[in-house]
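Quick notes on the structure that follows.
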Amino acid sequence: MASIKSKIELNVELDENRVPETLHWTAEDGGITNQEAKAMMLSVWDSKTQEMLRIDLWTKDMPVDEMKVFFHQTLVAMSNTFNRATQDEKMTATMKDFCDYFAEKLELNK
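Every number in the working numbering is 33 more than the matching position in the sequence shown, counting from 1.
Given below as structure tokens:
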């Protein structure tokens, strides 16, 4: 049986100072074609070096209030993923408590 491949494409347009002006992404298997985004975080695990490699980008017109919400939602999603990957309910609850604290301190629930 042949393996199935899926492609995710990221396109970044930079200004003269190499600051992102636009971000677009395509994931045809997910029905996404050239979708605009204001920010992205990509983490990749290198098993050989036991290190995470990261790309964090945001456009220069990304509003700070939206960045705060983006971070909060990312933390919540990471908590959910951690739970699915490890089934560690105790640490998941601790992470979710931090997410609630983060939202409270940034006044995101108002």
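Where a beta carbon is used, it is the ideal one built from N, C-alpha and C, also for glycine.
Since we're looking at a predicted model, the values are computed, not measured.
Check	Outcome
Cβ pair Thr125, Asn116 closer than 8 Å	yes
Among Phe135, Met74, Trp91, the one whose alpha carbon lies nearest that of Val52	Trp91
The ligand FAD heavy atom lying under 7 Å from the CB of Lys138	With respect to small molecules bound, the structure shown includes none, and the ligand FAD cannot be examined in it.
Residue from Ala72, Leu43, Leu75, Thr119 with nearest C-alpha to Ala60	Leu43
Inter-residue Cα distance where the pair is Asn113 and Asp79	22 Å
Exposure label - Leu56; buried when at least 16 CB within 10 Å	buried
Buried versus exposed, by CB contacts within 10 Å (16 or more), Ala136	buried
Length of the line joining the Cα atoms of Glu54 and Glu140	28 Å
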